[in-house]
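In the UniProt record's numbering, the protein residues as written are 1 to 200.
Below you can see the structure in the form of structure tokens.
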């Protein structure tokens with residue numbers, strides 16, 4: 001499901017059109033409170049965040065800078081008594097500073113590892129969805145960055161976030177969600193200090 005900050009006849013930015021189509025093709029939904037004649041504005045995105053918080057049982061913030069839109073969403077989620085989790089990061093990383101601040105202010109619980117997150121969410125996860133060992137699967141072309149990361153990981157030596165960014169040329173703020181995605185599906189494991197190894 002995607003909550004839009006503009007009317008349903010406008011996809012903004014236009015680069016999200018394919019994503020919107022995929023959501024619909026997979027029985028998802030696009031929802032909006034805006035009419036066709038409404039203009040797109042920054043305020044729309046901030047207002048939209050209250051709906052995201054309201055629809056969510058739990059909110060997970062992967063990255064946000066100080067004062068980022070996700071911080072507004074967290075404020076709504078706290079007011080709605082939703083569980084909020086944030087992924088901590090380096091204090092020098094612009095897109096981790098907001099997460100670190102949320103954790104420091106007790107507005108979000110720190111994500112230590114995937115298992116603790118699943119336990120905290122009280123998810124009933126089938127074991128086969130998160131096996132201890134999972135072979136590399138063929139990823140579709142739209143996930144070439146996922147496969148690129150898997151290709152450089154080495155069983156013998158864990159790679160840091162900075163090393164992965166350097167080898168793949170993927171910016172940190174784009175890299176973190178991809179790494180979390182790969183960890184959630186059991187392809188990689190994260191050690192202390194943001195060190196990554198393949199999990200197959």
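Backbone N, C-alpha and C fix where the C-beta goes; we use that ideal spot for every residue, glycine too. Keep in mind that this is a model prediction, so the values were computed, not measured.
Figure out for me which residue from 36, 51, 27, 24 has the closest Cα to the Cα of residue 10.
-> When only C-alpha atoms are compared, the closest one is 36.
Cα-Cα separation between residue 163 and residue 149, rounded to whole angstroms = Approximately 11 Å, taken between the alpha carbons.
Give a yes or no on whether the C-beta atoms belonging to residue 69 and residue 49 are separated by under 8 Å.
-> Note that the C-beta distance between residue 69 and residue 49 is below 8 Å.
Option nearest residue 119 by Cα separation, candidates 58, 99, 73 | Its Cα nearest to that of residue 119, the residue 58 stands out among 58, 99, 73.
Residue 157 to residue 199 span [Cα, whole Å] = One Cα belongs to residue 157, the other to residue 199, and the distance between them is close to 13 Å.
Along the chain, where does the beta strand (DSSP E) that runs through residue 169 open and close?
-> Bounds of any beta strand (DSSP E) do not take in residue 169, whose DSSP letter is neither H nor E.
Is residue 92 buried or exposed, if buried means 16 or more other CB atoms sit within 10 Å of its CB?
-> By the 10 Å Cβ count, residue 92 comes out exposed.
Sorted by chain position, which residues of the same chain lie with C-beta nearer than 7 Å to residue 155's C-beta, five sequence neighbours on each side aside?
-> Cβ within range, chain order: 197, 198.
For residue 111, three-class secondary structure by DSSP | In the displayed model, residue 111 falls within coil according to three-state DSSP, outside both helix and strand.
Backbone CA spacing between residue 96 and residue 75 [nearest angstrom] = Their Cα atoms are separated by approximately 17 Å.
Which residues DSSP lists as bridging residue 88, in chain order = When DSSP reads this structure, residue 88 sits in no beta bridge, so it has no partner.
Around the Cβ of residue 100, are there at least 16 other Cβ atoms within 10 angstroms (buried) or fewer (exposed)?
-> Result: buried.
Rank 14, 2, 114 by C-alpha distance to the C-alpha of residue 55 and give the top, closest one.
-> Nearest C-alpha to residue 55: 2.
What separation, rounded to the nearest whole angstrom, lies between the Cα atoms of residue 166 and residue 193?
-> Take the alpha-carbon of residue 166 and the one of residue 193: they are about 17 Å apart.
Is the CB-CB distance between residue 102 and residue 71 below 8 Å?
-> In this structure, residue 102 places its C-beta atom within 8 Å of the C-beta atom of residue 71.
Can you check whether the CB of residue 7 is closer than 8 Å to the CB of residue 34?
-> Less than 8 Å separates the beta-carbon of residue 34 from that of residue 7.
Got a sec, what are the start and stop residues for the alpha helix (DSSP H) residue 19 sits in?
-> First-last of the alpha helix (DSSP H) with residue 19: 17–25.
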